[in-house]
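Undergrad:
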Amino acid sequence: MRILMATGGSLHSETALWLGGQIAATCGAAPTALTVIGKEGERQAGEQILKRAQTILRQITPHLETKMRVGRPDVEILREAAAGGYDLLVIGDRQLHSFGTRMRGSVVAKIARQTPCSLLIAKGKIEPLQRILVCDSGNQQPSVVTSLVETGLVGLLGHARMITVLHVMSQMSAGTGADEDEDVFVAELMTTGAPEGTILHQDLALLAAQGIAATATVRRGLVVDEILTEAQMGDYDLVVVGVHRDEGWQRLLLDDITHKVAVEIDRPVLIVR
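In this note's numbering, the protein residues as written are 1 to 273.
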């Protein structure tokens, strides 16, 4: 696995380096640190940023490649991600953007919509990845768990203390079971062959085949709201979401949900492609 970590020397960039380094060490990946300068005259400053990256990552992962590009950060990060054949791109997000940035879209938001590989956005309080929430809509093909396995990113789940697979149902599809005890309701979904239960059962079985134990949960309501609520209530260290690979209106809708989660969530989020 190849991991690209973008850094501009800021505090949130260094946080992304630390988190990316932890994942590289866990997955046995080859990491690359990239900085983007605006013009050739800034090359010395860029070298200092990369030296700082080496210092941060030295004790986490001994093998670090460094690269520098000239141009706009979002454009050059995406170009390197595509040219280098990376499996994961890691970037930091400072969250508190100016009004103008929110209106135009931050660099992180632009990258999230166009990245050719899986994307980890480091934001909020960064902790060791012990509690992980995996969100499966059931509409993505392949599923988010299948994509984790195919990309090799499932390795980052291996050292987690708690993994929860979440499916969000509408109030209408939840039916009368919405008033039941949560564990009982989930168990019934999985044993009666309900579509939602089948999704969760397949996800848990796929993770179990990788030697990873997980539990399933269901929430009812608006997808983005319920994912954000579950992430906060469960105090998760990482939230995992997927993207839709098909074309058409359904892809646009689901990708918009993924984008909203990535922008609004207050903790690290992994977008799996």
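Virtual Cβ for every residue (Gly too), placed ideally from N, Cα, C. None of these values were measured; they are calculated from a predicted model.
Need the endpoints of the alpha helix (DSSP H) that MET190 sits in, please.
TA: Taken as a continuous stretch (DSSP letters only), the alpha helix (DSSP H) holding MET190 covers 182-191.
Undergrad: For LEU189, which residues from the same chain have a beta carbon less than 8 Å from its beta carbon, with the 5 sequence-adjacent residues on both sides left out?
TA: Counting only Cβ-Cβ distances below 8 Å, and skipping sequence neighbours, we find GLY177, GLU196, GLY197, LEU200 and VAL218.
Undergrad: By a C-beta neighbour count over all protein chains shown, 10 Å radius and 16 as the cutoff for buried, is GLY92 buried or exposed?
TA: Classification of GLY92: buried, given that the 10 Å Cβ count is 16 or more.
Undergrad: Could you check the C-alpha separation between LEU270 and LEU120 for me, to the nearest Å?
TA: So the two alpha carbons sit approximately 4 Å from each other.
Undergrad: State the CB to CB distance for the pair ALA6 and ILE77, rounded to an integer number of angstroms; the pair is presumed to be in contact (CB under 8 Å).
TA: Yes, they are in contact, since the Cβ atoms of ALA6 and ILE77 sit about 5 Å apart, within 8 Å.
Undergrad: Given this structure, state the Cα-to-Cα distance separating CYS27 from LYS260, to the nearest angstrom.
TA: Their backbone Cα atoms lie some 28 Å apart in a straight line.
Undergrad: Alpha carbon to alpha carbon, how far is ILE37 from ARG104? Give it in angstroms, no decimals.
TA: With a pLDDT of 42 at ARG104, under the threshold of 50, the predicted position of this residue should be treated as unreliable, though the coordinate-derived value follows. Computed Cα separation, rounded: 21 Å.
Undergrad: Secondary structure at TRP249, three-state DSSP: helix, strand or coil?
TA: Residue placement at TRP249 is flagged as unreliable, the pLDDT there being 44, under the threshold of 50; a coordinate-derived value is accordingly withheld.
Undergrad: Which residue marks the beginning of the alpha helix (DSSP H) containing CYS27, and which one marks its end?
TA: From DSSP, the alpha helix (DSSP H) with CYS27 extends over 11-27.
Undergrad: Got a sec, what are the start and stop residues for the beta strand (DSSP E) VAL240 sits in?
TA: Note, VAL240: beta strand (DSSP E), 238-242.
Undergrad: Hey, how far is the Cα of PRO31 from the Cα of GLY193?
TA: Approximately 42 Å between the Cα atoms of the pair.
Undergrad: Is the region 47-55 close to the region 78-87, with three or more CB pairs under 8 Å?
TA: As far as the Cβ criterion goes, the region 47-55 does not touch the region 78-87, which means the pair count is below three.
Undergrad: Could you check the C-alpha separation between GLY158 and GLY211 for me, to the nearest Å?
TA: Computed Cα separation, rounded: 8 Å.
Undergrad: Quick one: give me the first and last residue of the alpha helix (DSSP H) that MET233 is part of.
TA: Taken as a continuous stretch (DSSP letters only), the alpha helix (DSSP H) holding MET233 covers 223-233.
Undergrad: Quick one: residues in its chain with C-beta nearer than 8 Å to the C-beta of GLY21, no 5 flanking neighbours on either side, listed in chain order?
TA: For GLY21, where only same-chain residues beyond five positions count, the Cβ hits under 8 Å are MET5, PRO31, ILE56, LEU57, ILE60 and THR61.
Undergrad: In the structure shown, what three-state DSSP assignment does GLY155 receive?
TA: GLY155: helix per DSSP, three-state reduction.
Undergrad: Are there 16 or more other CB atoms within 10 angstroms of the CB of ARG161, so buried, or fewer, so exposed?
TA: With fewer than 16 Cβ atoms within 10 Å of its Cβ, ARG161 is classed as exposed.
Undergrad: Thinking C-alpha only, which one of ALA187, GLU182, LEU166 and ASP235 is nearest VAL223?
TA: Among ALA187, GLU182, LEU166 and ASP235, the Cα nearest to that of VAL223 is on LEU166.
Undergrad: My understanding is that ALA81 touches CYS117, with C-beta atoms under 8 Å, so please give their C-beta distance in whole angstroms.
TA: Indeed, because the Cβ distance is near 6 Å, the residues count as touching under 8 Å.
Undergrad: Report the CB separation of GLN130 from ASP266 in whole angstroms; it is logged as a contact under 8 Å.
TA: Contact flag wrong, Cβ pair sits at about 17 Å.
Undergrad: Let me make sure I understand the geometry here. Which of LYS39, ILE257, GLU40 and GLU65 has the alpha-carbon closest to that of LEU17?
TA: If we check each option's Cα against that of LEU17, GLU65 comes out closest.
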